[in-house]
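Under my numbering, the first residue of the sequence shown carries the number -4, and numbering increases by one thereafter. For reference, the structure is listed below as structure tokens.
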Amino acid sequence: MVRVVAPGTPGCNFPACTTANPSFPNPPPTSLPRRLTRAPADYLWNCKAEYDTLDPQLSWATEPLTTANEQDIPGCPDTPAPHIDDLIVAVGESGMPGGFSNRWTDSFSCSIPSSNPPVVLSGNWWIDCSSLAVNATVEIDGGSVVFEGDVDIRASGVLSIDNSAGSPGWMFLRGGEVKKAGQGTLILRETAVYASKGSSVSMAGGSGSLVWIAPRSGDFADLALWSDSADVHSWSGQANLDMGGVFFTPWATAEYSGGAGQNQVRAQFIADKLNASGNGALFVAPEFGHAVQFPVEPQSVLIR
């Protein structure tokens, strides 16, 4: 069961799908005065005067928001602040990202064995591996990270990017999949994640931990994940599950598979579609003041 405000009985009521238990609460389908779009999220983190055209420097990572792809939105009414676009340009499609100097393969292997002592680093790092296999502890404190390809956090692996002691950071996926085994651990604190259109997220459930907390300040305040990928993004129940912030996957299906227990997250999911399966329960309770607000036309009623 998934506790969300979305229509859905067992089966599939677009855009919410459950394979067995219903979503709850289960309000009846209601016609809105106008179509809700992704605009409120874009205005927060990628405010632009218009969205129809796309700078060639961005095309490797994202797509234009046009009528043809059903992602069209009006221009942002506020002073332009295209934080997402600026990040994509700054990181670039290949090579050492701007402002970075630490290259992973200069010091470490792309396969960290379980016998490896903990790797504890600080600052900004470019993980220039086509595939990084994490079987031990890798901890990066006080910095941002660019991943070139796949990230495979295996049963004995721990990957931690922790910016809780200083300024917020970010994690950038140029391509590939971030995958966590059921017994593995992924910790992202005060860290926003950007996934390019060639990336995806797959978090298997089990006895491991998933801690994914958005920054509370800065250009990406409250943004846990911005994905320009159309690939499925999946999460599952964990022994320790703590997710906070906005998970924005407007092109993709967000999937949750529960185990036998209950998990509660202080997160907001904004997705093209939502699928839920399994026997567990996920309670979705976004924090007041830390979620995207979707305005609805006010309605007046006469009280007699």
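Ideal placement from N, C-alpha and C gives every residue a C-beta, glycine not left out.
- Its Cα nearest to that of Gly253, the residue Gly200 stands out among Val115, Ile156, Gly200.
- Runs of the beta strand (DSSP E) lying entirely within the segment 170 to 197 and spanning at least 3 residues, in chain order: 171 to 175, 180 to 184, 186 to 190.
- Residue environment analysis places Ala85 among the exposed positions, since fewer than 16 neighbouring C-beta atoms fall within 10 angstroms of its C-beta.
- Runs of the alpha helix (DSSP H) lying entirely within the segment 63 to 147, each at least 4 residues long, are 78 to 86 in chain order.
- Taking C-alpha positions only, Cys105 is separated from Asp147 by approximately 10 Å.
- The beta carbon of Ile208 is closer than 6 Å to those of Arg184, Gly239 in its chain, skipping five residues each way along the sequence.
- Among the bridge pairs identified by DSSP, Arg261 is matched with Gly239.
- Gln288 and Val279 have their C-alpha atoms some 15 Å from each other.
- Counted as a single uninterrupted DSSP element, the alpha helix (DSSP H) harbouring Asp37 occupies residues 34 to 40.
- A straight line joining the alpha-carbon of Thr32 with that of Ser102 spans about 45 Å.
- Within the same chain, Ile83, Ser191, Lys192, Asp223 come within 7 Å of Ala56 by CB-CB distance, once the 5 residues on both sides are set aside.
- CA-to-CA, the gap between Ser54 and Gly87 works out to about 11 Å.
- For Asp157, the CB contacts under 6 Å within the same chain, skipping 5 residues up- and downstream, are Asp136, Arg184 in chain order.
- Look at Gln288 here: in three-state DSSP terms it is coil, with no helix or strand label.
- In this structure, the beta-carbon distance from Phe142 to Gly171 falls below 9 Å.
- Assigned with DSSP and collapsed to three states, Ser159 falls in coil, not helix or strand.
- By the beta-carbon neighbour count (other beta carbons within 10 angstroms, threshold 16), Asp80 is buried.
- With fewer than 16 neighbouring CB atoms inside 10 Å of its own CB, Gln52 falls in the exposed class.
- In the DSSP assignment, Leu168 is bridged to Phe142, Ala190.
- Between the segment 64 to 74 and the segment 214 to 231, the count of C-beta pairs closer than 8 Å stays below three; the two stretches do not touch.
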